[in-house]
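Report on the following structure.
In this note's numbering, the protein residues as written are 23 to 744.
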């Protein structure tokens with residue numbers, strides 16, 4: 023569970039946790055007593071990491087969230103995130119609640135809008151905390167995680183979902199919310215190494231003992247055992263053993279309390295994570311003055327793999343050839359049979375290893391296929407395992423897609439193929455359980471049968487690790503039917519940036535946080551969701567056509583001011599209106615490039631609209647004042663011009679400006695913007711000046727007796743001497 027920090031100014035900030043499975047051990051390592059404080063302090067060191075602050079945005083799609091990536095070093099026993107949120111001071115800044123998501127190994131999969139995911143998508147609820155901002159312009163919160171998993175940890179922060187209201191920049195009040203996370207890490211430098219089958223004596227005082235054991239590849243089981251335990255001179259084992267790291271959003275860390283447990287105290291871990299150090303922490307439960315002495319033993323059970331040779335399969339031989347290679351570990355004779363069934367005991371192998379080729383296609387795009395490019399042979403005696411290497415650190419920003427198809431002719435009615443997709447280590451216990459759970463990971467199950475020969479799985483943002491696909495043939499009703507059965511399964515394994523390239527109503531965009539790349543879908547036409555597959559608010563084809571027609575054909579209202587301008591010989595104005603109508607109706611992009619590049623770069627910028635309008639207004643007001651002074655009377659002189667032209671035109675333009683600045687949203691855009699077109703064009707037609715009085719274009723009059731004639735052009739008001 024998350025624990026709240028205390029913000030500056032005395033504000034208490036609550037940390038809300040999503041889901042009962044997201045349990046964290048948030049307590050710091052127990053403080054040392056006065057007699058051994060020096061020893062505890064020497065064994066721990068602290069490090070501090072920080073990243074530049076980012077301005078938060080209201081959430082509309084995944085690109086609205088601000089992503090941070092931290093690298094947690096090995097042997098970390100405690101990490102503490104300090105979350106700082108600040109905002110500008112002013113009336114425009116209102117109370118807000120910032121949501122912060124955490125995940126280890128990959129960016130968090132979030133869904134603030136409550137949209138649906140594509141079919142066959144495996145999604146776990148994200149671990150999140152909420153930081154409110156009320157009166158104070160600065161708020162702090164903290165999140166502690168003890169025994170975290172080493173490697174990449176990701177933090178994503180965003181404001182609540184956006185209101186979808188379209189506002190002009192510079193006109194509507196805005197507020198900047200800034201978020202900055204900092205990471206404090208406490209590492210242990212005095213740690214004991216547990217060697218397989220070698221007792222490690224330990225003495226517990228008030229501070230914990232930190233141990234670790236290396237788990238090599240092809241380890242089937244790990245048995246941890248406490249022996250010869252004595253507490254304050256008498257038999258007893260008041261010890262709490264914490265095994266494994268904490269990961270988010272799910273946590274499968276194992277905690278074993280030996281008080282009252284059968285002697286000796288044991289913890290059996292099936293399929294522990296391969297090729298890594300496993301953290302073990304032992305804590306005393308007798309109080310600060312008690313002493314506990316015991317011996318810790320780690321026993322590893324080897325898994326003997328059977329590797330498929332490629333050459334016979336390339337020749338399409340029906341006789342499969344196998345090359346048996348022993349595991350890297352020697353099976354412990356005392357614990358070799360722990361957790362094994364009779365079927366496994368009769369077979370010298372525990373899995374069949376199929377080599378997999380990784381083909382990098384593009385950024386966050388990888389194709390996995392068997393090295394021989396044929397299907398996988400699934401048998402009932404041992405699982406068939408394929409390793410998918412997604413451990414480069416740059417593979418967690420896409421979606422892992424797994425597609426299985428069984429051979430139709432080989433599938434019998436009584437046979438079932440069970441598959442598990444796991445990270446860190448494969449699932450090997452098909453004969454005892456079908457829940458795909460390994461020591462510290464809840465896998466994703468798949469099944470194939472005669473009635474359903476296809477199975478699909480989508481994992482958004484898979485954790486950085488080696489992933490394993492395990493398959494085995496099962497006969498739930500009659501096990502004897504499966505003894506000689508063999509089924510070939512075709513596998514389609516891809517890492518893609520976006521599923522189906524976000525479909526016809528979305529666009530796959532590649533996002534970047536420093537050197538880290540990740541992908542997300544930006545949807546349109548009312549479609550929503552992780553892959554733009556949620557049609558709950560989608561527009562129909564008729565609505566999309568109506569939107570396109572309204573936004574284009576509403577420009578035909580400019581025909582009215584064009585006709586009036588031509589009839590009154592305002593040829594320049596008529597050309598401008600025709601040009602605007604033409605490029606706003608068919609060639610929009612060319613029109614923006616030629617006419618208003620700045621408007622296209624920032625369509626809602628206030629000065630992109632206000633600048634030309636103010637410039638035109640100044641020219642119009644200046645010419646109006648000049649003509650009124652020249653004619654010695656104010657224009658217009660008749661009340662009909664005011665009542666039927668000027669006031670209606672000004673009213674229409676005012677209503678249009680009000681709609682444009684305050685009523686537009688993403689949902690009603692094609693209605694309100696079309697009304698804006700109509701009102702703008704109608705006001706232009708009404709506000710055009712009347713035609714001049716009919717007169718000869720070059721009327722000359724005898725003004726002076728010296729035979730000079732001053733000829734006046736009534737249209738241009740130019741004077742020429744002839």
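Just so it is clear, CB atoms sit at the ideal spot from N, CA and C, and this is done for glycine as well.
| query | result |
| --- | --- |
| Where residue 485 falls, given that 16 or more other Cβ within 10 Å makes a residue buried | buried |
| Cutoff 8 Å; reference residue 646; Cβ partners in own chain excluding five residues on either side | 657 |
| Backbone CA spacing between residue 416 and residue 373 [nearest angstrom] | 29 Å |
| Sufficient close CB pairs (3 or more, under 8 Å) joining the stretch 114-124 to the stretch 150-167 | yes |
| Cβ-based neighbour list, residue 743, same chain, cut-off 6 Å, excluding 5 preceding and 5 following | Because the pLDDT of residue 743 is 34, which lies under 50, any placement of that residue in the model is unreliable, and the number read from its coordinates should be weighed accordingly. Within the same chain, residue 743 has no close Cβ partners at all. |
| Per-residue burial, residue 59 [other beta carbons within 10 Å of its own, 16 or more giving buried] | Because residue 59 carries a pLDDT of 35, less than 50, the predicted location of this residue cannot be relied on, and no value is offered for it. |
| Among 465, 429, 480, 489, the one whose alpha carbon lies nearest that of residue 473 | 429 |
| Meets three-Cβ-pair contact criterion under 8 Å: the stretch 285-292 and the stretch 236-246 | yes |
| Strand pairing of residue 154, partner residues [DSSP] | 119 |
| Beta-carbon proximity list for residue 504, same chain, < 7 Å, skipping 5 on both sides | 402, 437, 495, 496, 497 |
| Buried or exposed by the 16-neighbour rule on C-beta atoms within 10 Å, applied to residue 642 | exposed |
| Check: residue 482 C-beta below 8 Å from any heavy atom of the ligand ADP | Absence of the ligand ADP from the depicted structure is noted, as is the absence of any ligand whatsoever, leaving it without description. |
| Coil, strand or helix - residue 439 by DSSP | strand |
| Residues near residue 81 by beta carbon distance below 6 Å, same chain, minus five either side | 134, 180, 183 |
| Stretch pair the stretch 538-558 + the stretch 519-527: three plus CB contacts closer than 8 Å | yes |
| For residue 528, three-class secondary structure by DSSP | strand |
| Three-way DSSP call (helix, strand, coil) for residue 523 in this model | helix |
| Alpha carbon of residue 422 to alpha carbon of residue 464, nearest angstrom | 16 Å |
| Option in 287, 310, 306, 328 with minimal Cα separation from residue 751 | What is shown of the chain runs 23 to 744, which leaves residue 751 out entirely. |
| Alpha-carbon to alpha-carbon, residue 695 and residue 685 | 10 Å |
| The stretch 157-164 / the stretch 95-113 touching (three or more Cβ pairs under 8 Å) | yes |
| Selected residue, minimal CA-CA separation from residue 543, among 509, 594, 482 | 482 |
| Integer-rounded CB distance, given that residue 237 should sit under 8 Å from residue 169 | Residue 169 to residue 237, Cβ: 16 Å. No contact. |
| Residue 241 versus residue 200: straight-line alpha-carbon distance, rounded | 47 Å |
| Cross-strand partners of residue 489 (DSSP beta bridge) | 410, 445 |
| Residue from 426, 278, 215 whose Cα sits closest to the Cα of residue 298 | 215 |
| Simplified DSSP assignment, three categories, for residue 65 | coil |
| Nearest-angstrom beta carbon gap, residue 230 and residue 178 [assumed within contact, 8 Å] | Residue 178 to residue 230, Cβ: 32 Å. No contact. |
| Inside the stretch 665-699 only - beta strand (DSSP E) runs reaching at least 3 residues | none |
| Pairwise C-alpha distance: residue 605 and residue 649 | 34 Å |
| Residue environment, residue 22, which counts as buried when at least 16 other CB atoms sit within 10 Å | One cannot answer for residue 22 here, as it falls past the ends of the chain, which runs 23 to 744. |
| Whole-Å CB distance - residue 580 paired with residue 602, under 8 Å assumed | 6 Å |
| Residue span of the alpha helix (DSSP H) that contains residue 160, given as start and end | No alpha helix (DSSP H) contains residue 160, which is instead part of the beta strand (DSSP E) from 160-168. |
| DSSP bridge partner residues for residue 70 (one or two, in chain order) | 206 |
| Backbone secondary structure at residue 500 - three-state DSSP | coil |
| Residue 533 vs residue 85 beta-carbon contact at 9 Å | yes |
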